[in-house]
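Everything below concerns the one structure shown next.
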Amino acid sequence: MMDMIMNILQEIRPECDFASSNDFMNDGLLDSFDMVSLVTELEEKYSILIDPLDMVPEYFSSVSAIASLVRKSGADVQN
Amino acid sequence: MKLEFHNKKISGIMCVLPESEVFFDDEISNYTFPEAQTKRLKSVMGFEKHRVVKEDTASSDLCIYGMEQLLQTKKIDKQDVCGIIVVTITPDHFVPHVSNRIQSHFGLSEDVLCLDILQGCNGFLVGLMQAFMLLDYNPGKKVLVFNTDTLSKKVSKQDRNSYPLIGDCATITVVEQDEAAKPIYCKIQMDGTQGDALIIPAGGSRMPCSTETARMKDSGDGNVRSLDNLVMDGTAVFQFVMTKVPPLIADTIEFAGITQEEIDWYIFHQPNMFMLKKLADKIGAPRDKMFMNIVQNFGNPSGASIPLAAAFNLGDRLTQEDLKCCLSAFGSGLSYGAMIMDLGRLDFCEICISNF
C-alpha cells in the first residue's frame, strides 16, 4: 500500500520530493486542493469512502499517515 | 433559531446571468501552480466554466435587467409589490442601497419597503425569512427577494483557491401569501467565531481601501491577491460545513415532522462538486437527489445558488407540480441554514441571459 500511495502522490505533485519530507503539509508539498485530489484517487483505487471529517492535515502528513487513513476508511489491505 | 411559516409561498423565480462565459482551461495560465496540478481540479471540483460580468456592470444592473423582463412579460405588477429585499455582499455602493436603486429605477411607490441585507452564500434563506415576516403585515401583496453578487470584482484572478469557482448572477424570487400553502420549516444558525474563514480584509471602516490595500502580493501559498480581495480558508470552511450542516438537516427534517425519504430534492448552495458529494454522503441523501452541477456550468453564484439550481434543474417542472424540497446554504458569517418547503406550481421559473 505504501508504494501505491507514493505513486499517487507523485502523480499529483510530480515535481515534489516526498521521500525527503517528514511532514508533507508543513513542508508545503501538499495543499488543501491536493488533499481533495488525493482523497478522490484513494477512494477510487481502494473502493472506499473517506469521511470528510478525516480530511485534516494530520492524515496527510506522511505516507504512513495516509495509509492509516485508508485503513480507517475500510480498505481491505494487508500491508 | 427555528422558524415556522404559514400561508406563504414562492410564486416565481427569475435568474439573470451575465453574457460572458469564461472557461477554466483558459484561466489556468493565470495561476502560479503547475498546470497538471490545477487541471486535476477540473474533474474533482467541477471547474469547467463560469459567468462573469463586464467591467462596468454593478450588482443592481443584473437585478434591474431581470425586473424589466418580469414587468415586460407581465409576470409581476408594480402595484402588487410591498417590499424589495436585496441580499448581496457586493452592493453597487455602501450608500445608497441597491434596493433603493431598484425602487427608483422602476418608480415604485414610497410605501414599498427597501431593505438591503449583507449576507453571502446563506443569503437566499435569510432573504426568504425576512420576506415571509414582511408579508404578515402586508396581506395580498408580494415581496421581491433579489439575490445578487458580482464577486468576480472582489476575487483576485490569480487566486486559484477562489477565482475558478466564483460566478456572477442575480435572482429574483417572488414571495406571497397563499392560504392553501403548507407550512415552511426553517432553521438558521450563526457562528461568528469562524468569521475570518471568509473575509474581505479591506474596504470597510476597519481598513479603508488604499493603494497599499490594492497591492497584489503572494499570499505564501502560491495565490496572489490584495487586501481588497476575498480570502477563503477552504479547509476551515469545508470542516465547518461537514460538521455543522448534517445535524442541521436532521434537526430541520425532525422539526418538519417528515422523514428523509419524503424529500424529493435537496437544493443546496453550490460551493463545488466535491463538497456537495461529501455532504450528500454525510447527510445520507442519495447523490442523485442533490443537484451538484451549478459550479461547472455557471460558477458558484453565492446567495443566488439555490434559486439558480432550482431553475436550471427543475425549471418547467416547478411550474407544474409541488415537490418537497430541502434547501440549505452556508457561507460567510459563518452562517448556515436549512428550510423544508413544498416548492412548485410557480407562475414562472426561468433563466435569462443578460447583456451585462
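Residue numbers (the numbering used here), protein chains in the order written: chain V, 7 to 85; chain A, 650 to 1005. We treat Cβ as the ideally placed atom computed from N, Cα and C, and that holds for glycine. Keep in mind that this is a model prediction, so the values were computed, not measured.
Inset, instruction - May I have the straight-line CA-CA distance separating V/MET12 from V/ARG19, to the nearest angstrom? - result: In the first sequence, residue 12 of chain V corresponds to position 6, counting from 1. In the first sequence, residue 19 of chain V corresponds to position 13, counting from 1. Taking the straight line joining both Cα atoms gives about 10 Å.
Inset, instruction - Answer with yes or no whether the minimum CB distance from A/VAL702 to chain V is below 8 Å. - result: Reading the second sequence from its first residue, position 53 is the one you call residue 702 of chain A. Judged by the 8 Å Cβ criterion, A/VAL702 is not in contact with chain V.
Legend entry - Proximity below 8 Å, CB of A/LEU793 to CB of A/LEU762: Position 144 of the second sequence holds residue 793 of chain A. Position 113 of the second sequence holds residue 762 of chain A. Not closer than 8 Å, so no.
Inset, instruction - Would you check if the stretch 792-811 of chain A and the stretch 719-739 of chain A touch, i.e. whether three or more CB-CB distances between them fall below 8 Å? - result: Touching, per the Cβ criterion.
Inset, instruction - Compare the C-beta of V/ILE11 with all C-beta atoms of chain A and state if any pair is closer than 8 Å. - result: By one-based count along the first sequence, residue 11 of chain V stands at place 5. With 8 Å as the cut-off, V/ILE11 does not count as an interface residue toward chain A.
Legend entry - Continuous beta strand (DSSP E) stretch holding V/GLU50: start and end: Here the question's residue 50 of chain V lines up with position 44 in the first sequence. Segment 38-52 is the alpha helix (DSSP H) holding V/GLU50; no beta strand (DSSP E) there.
Inset, instruction - Pull up the distance between the alpha-carbon of V/LEU59 and that of A/THR892, whole angstroms please. - result: Counting from 1 along the first sequence, the entry for residue 59 of chain V is found at position 53. Counting from 1 along the second sequence, the entry for residue 892 of chain A is found at position 243. Looking at the two C-alpha atoms, the distance is approximately 7 Å.
Inset, instruction - Would you grab the beta carbon distance between A/ALA987 and A/LEU976 for me? Rounded to a whole angstrom, and I think it's under 8 Å. - result: Indexing the second sequence from 1 puts residue 987 of chain A at position 338. Indexing the second sequence from 1 puts residue 976 of chain A at position 327. Approximately 7 Å separates the beta-carbon atoms of A/ALA987 and A/LEU976; this is inside 8 Å, confirming the contact.
Legend entry - Within-8 Å CB hit, V/VAL42 to chain A: Here the question's residue 42 of chain V lines up with position 36 in the first sequence. Yes, contact with chain A.
Inset, instruction - Classify A/VAL880 as buried or exposed, calling it buried when 16 or more other Cβ atoms lie within 10 Å of its own Cβ. - result: On the second sequence, residue 880 of chain A is found 231 positions in, with the first residue counted as 1. Burial state of A/VAL880 is buried, judged by a 10 Å Cβ sphere holding 16 or more other Cβ atoms.
Legend entry - Limits of the beta strand (DSSP E) - the one that A/LEU762 falls within: Residue mapping note: residue 762 of chain A aligns to position 113 of the second sequence, counting from 1. For A/LEU762, the enclosing beta strand (DSSP E) stretches over residues 762-766.
Inset, instruction - At 7 Å on the CB atoms, spell out the chain A contacts of V/LEU55, in chain order. - result: Here residue 55 of chain V is taken as the residue at index 49 of the first sequence, counted from 1. Those are ASP930, listed as they occur along chain A.
Inset, instruction - Helix, strand or coil for A/CYS975, going by three-state DSSP, please let me know. - result: For the purposes of this step, residue 975 of chain A is taken as residue 326 along the second sequence, with counting starting at 1. In the three-state scheme derived from DSSP, where H, G and I count as helix and E and B as strand, A/CYS975 is classed as strand.
Legend entry - Beta-carbon proximity check, A/LYS703 vs A/GLU697, cutoff 8 Å: As a position in the second sequence, residue 703 of chain A is number 54, starting the count at 1. As a position in the second sequence, residue 697 of chain A is number 48, starting the count at 1. For the 8 Å CB-CB criterion, A/LYS703 and A/GLU697 do not form a contact.
Inset, instruction - Count the CB pairs spanning the stretch 19-39 of chain V and the stretch 61-71 of chain V that are closer than 8 Å, and state whether there are at least three. - result: Contact between the stretch 19-39 of chain V and the stretch 61-71 of chain V is established, with three or more Cβ pairs separated by less than 8 Å.
Legend entry - Cα-Cα separation between A/ASP765 and V/MET8, rounded to whole angstroms: Against the second sequence, residue 765 of chain A aligns to sequence position 116. Against the first sequence, residue 8 of chain V aligns to sequence position 2. Their Cα atoms are separated by approximately 55 Å.
Legend entry - Segment contact flag, the stretch 885-899 of chain A with the stretch 856-869 of chain A, C-beta cutoff 8 Å, min 3 pairs: Flag = no, the stretch 885-899 of chain A and the stretch 856-869 of chain A do not touch.
Inset, instruction - Buried or exposed for A/LEU711, please, with buried defined as at least 16 other CB atoms from any protein chain shown within 10 angstroms of its CB. - result: Translated into the one-based positions of the second sequence, residue 711 of chain A becomes position 62. With 16 or more Cβ atoms within 10 Å of its Cβ, A/LEU711 is classed as buried.
Inset, instruction - Could you tell me which chain V residues have their CB closer than 9 Å to the CB of A/PRO683, listed as they occur along the chain? - result: Taking the second sequence and counting its residues from 1, one reaches residue 683 of chain A at position 34. The answer, in chain order, is ARG19, PRO20 and GLU21.
Inset, instruction - Compare the Cα-Cα distances from A/PRO850 to each of A/ARG874, A/THR799 and A/ILE1000 and report the closest residue. - result: Counting from 1 along the second sequence, the entry for residue 850 of chain A is found at position 201. It is A/ARG874.
Legend entry - Burial state of A/PHE1005, where buried means 16 or more other Cβ atoms lie within 10 Å: What you label residue 1005 of chain A is simply residue 356 of the second sequence in a count that begins at 1. Under this definition A/PHE1005 is a buried residue.
Inset, instruction - Taking A/PHE673 as the query, report the chain V residues whose CB atoms sit under 7 Å from its CB, ordered along the chain. - result: Residue 673 of chain A sits at position 24 when you count from the first residue of the second sequence. By Cβ distance, chain V contributes nothing, its closest Cβ being about 13 Å from A/PHE673, past 7 Å.
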